[in-house]
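Counting in my numbering, the sequence shown runs from 40 upward without gaps. Every residue, glycine too, gets a C-beta built ideally from N, C-alpha and C. Remember, predicted model here, so these are calculated numbers, not experimental data.
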Amino acid sequence: MERGFRLVARDETGSTNDDAVAALAGGDTGRLWITARSQASGRGRHGRSWASPPGNLYASLLLVEPCEQRHAAQFGYLIGLALHDAFCAIAPGYAGRVRLKWPNDVLVDRAKIAGLLLEGHHTRGGRFALIAGIGVNIAFTPADTPYPAAKLADLRADADPEGLFEALSRAFALRFEAWNETTDDQVALGALREEWLSRAYGLDAEVTIRPPSGERRGRFVGLDGEGRLLLATEWGVETIDAGDLFFAGA
């Protein structure tokens, strides 16, 4: 692959994220993509199972020391933007309908088409590593999801996992290269947040957040300096680290 990235492509595996963990434990230095045609035990956020038969894209990316550990959550925004780039490249006529949903989803017309799972790890030598698991609905949508779901085949009938992965890996390599070329972390992070927000769905909308600490309701007004969601409530602006986001009427 281009720009120093490598690819391991498998027909079937348990979980591409677990494969990336194993690669890290075996001393892999990162910039490694792992894809699979199907997964026997794919998983999403909060330990949810992820149906993974052939036809959709299942990929994980292993990066070693891609950023400071405290900025790891914001790296999800970088990957989200690369996913947005890839969708727009594959189905340019639908670019205006592709939006990013906090914290790590991609929507088409308010329906989820892709999700991202970030996991932080450390090498035996103490180096920080980030594993990003990516699932994209291409040929089918999973059943019993908490949100409406969409698939890429409805936008482009000949879409396939290989073509989307090629677009995604190229888009991410370009964005990662630009990230590394920016020497001022705060400038890079600020630009990243602004670009992500320009593609975000539901900014200034009334939302419900379900974090581990309990349900919150308010207006989604932006992201703070660490990439946490800013929720305007009757008691003031709260910062939310993680949780499921629901829009009014959804």
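- prompt: By a C-beta neighbour count over all protein chains shown, 10 Å radius and 16 as the cutoff for buried, is His123 buried or exposed?
  reply: With 16 or more neighbouring CB atoms inside 10 Å of its own CB, His123 falls in the buried class.
query: The beta strand (DSSP E) spanning Asp283 covers which residue range?
result: If you look at Asp283, you'll find it in the beta strand (DSSP E) that goes 283–286.
message: For a test of the three-state rule: what should DSSP assign to Glu158, helix, strand or coil?
response: In the structure shown, Glu158 sits in a strand (DSSP, three-state: E or B).
- prompt: Along the chain, where does the alpha helix (DSSP H) that runs through Ile279 open and close?
  reply: Premise fails: Ile279 lies in the beta strand (DSSP E), 275–279, not in any alpha helix (DSSP H).
field: Separation of Ala59 from Glu205, as counted between CA atoms
entry: When only Cα atoms are considered, Glu205 and Ala59 end up about 19 Å apart.
- prompt: In angstroms, rounded to a whole number, what distance separates the CA positions of Leu63 and Glu273?
  reply: C-alpha separation (whole angstroms): 46 Å.
task: Find the nearest neighbour of Ile248 within the set Ala239, Phe285, Trp72, judged by alpha-carbon distance.
output: Closest by alpha carbon: Phe285.
task: Use the C-beta contact count for Arg232: other C-beta atoms within 10 angstroms, 16 or more gives buried, fewer gives exposed.
output: It counts as buried.
- prompt: Excluding five sequence neighbours on each side, which residues of the same chain lie with their C-beta closer than 7 Å to the C-beta of Thr55?
  reply: If we look at Thr55 and ignore the five residues flanking it on each side, its Cβ neighbours are Ile73, Thr74, Ala75, Gln78, Tyr97, Ala98, Ser99, Gly172.
Assigned secondary structure, Gly135 (DSSP; H/G/I helix, E/B strand, else coil): Note: Gly135 maps to helix in three-state DSSP.
- prompt: So Phe215 is in the alpha helix (DSSP H); what residue range does that whole segment cover?
  reply: Looking at the DSSP string, the run of the alpha helix (DSSP H) that includes Phe215 is 200–220.
query: Could you give the C-beta distance for Ile279 and Leu262, rounded to a whole number, given that I count them as a contact under 8 Å?
result: A Cβ-Cβ separation of about 10 Å leaves Ile279 out of contact with Leu262 under the 8 Å criterion.
- request: Taking Ala196 as the reference, give the member of Lys140, Asp67, Ala130 with the closest Cα.
  value: Minimum Cα distance to Ala196 is reached at Ala130.
Whole-angstrom distance between Gly275 and Ala178, CA atom to CA atom: Going by C-alpha positions, Ala178 is about 43 Å away from Gly275.
message: Would the stretch 224–241 count as touching the stretch 99–118 if we require 3 or more Cβ pairs under 8 Å?
response: Yes: the two stretches touch, three or more of their Cβ pairs being nearer than 8 Å.
- request: Identify which residue in Thr68, Arg45, Ala61 has its Cα closest to the Cα of Thr52.
  value: Nearest option by C-alpha distance: Ala61.
message: Going by DSSP, what residue range makes up the beta strand (DSSP E) through Asp50?
response: Segment 45–52, the beta strand (DSSP E) holding Asp50.
- request: Please state whether DSSP places Ala230 in a helix, a strand or coil.
  value: Three-state DSSP puts Ala230 in a helix.
field: Environment of Asp290 [buried if 16+ CB atoms lie within 10 Å]
entry: There is simply no residue 290 to check, as the chain begins at 40 and stops at 289 in what is shown.
- request: Find out if the Cβ-Cβ distance for the pair Ala188, Lys151 is shorter than 7 Å.
  value: Cβ atoms of Ala188 and Lys151: closer than 7 Å.
query: Applying the criterion that 16 or more other CB atoms from any shown protein chain within 10 Å of the CB defines a buried residue, is Leu102 buried or exposed?
result: Here Leu102 is buried: its Cβ has 16 or more other Cβ atoms, across all protein chains shown, within 10 Å.
- prompt: Should Phe167 and Glu104 be called a contact, given that it needs their Cβ atoms to be closer than 7 Å?
  reply: It is a contact, given that the beta carbons lie within the stated cut-off.
Same chain, Cβ closer than 6 Å to Cys106, neighbours up to 5 away in sequence not counted: A distance below 6 Å between beta-carbons, with the five flanking residues on each side excluded, links Cys106 to the following residues of its chain, in chain order: Phe114.
query: What residues match up with Gly172 in a beta bridge as DSSP calls it?
result: Residue pairing of Gly172 in beta bridges, as defined by DSSP: Ser99, Leu156.
Exposed unless 16 or more other CB atoms sit within 10 angstroms - verdict on Pro92: It is exposed - the Cβ of Pro92 has fewer than 16 other Cβ atoms within 10 Å.
field: Three-state secondary structure (DSSP) of Ala271
entry: Looking at Ala271 - three-state DSSP - the assignment turns out to be strand.
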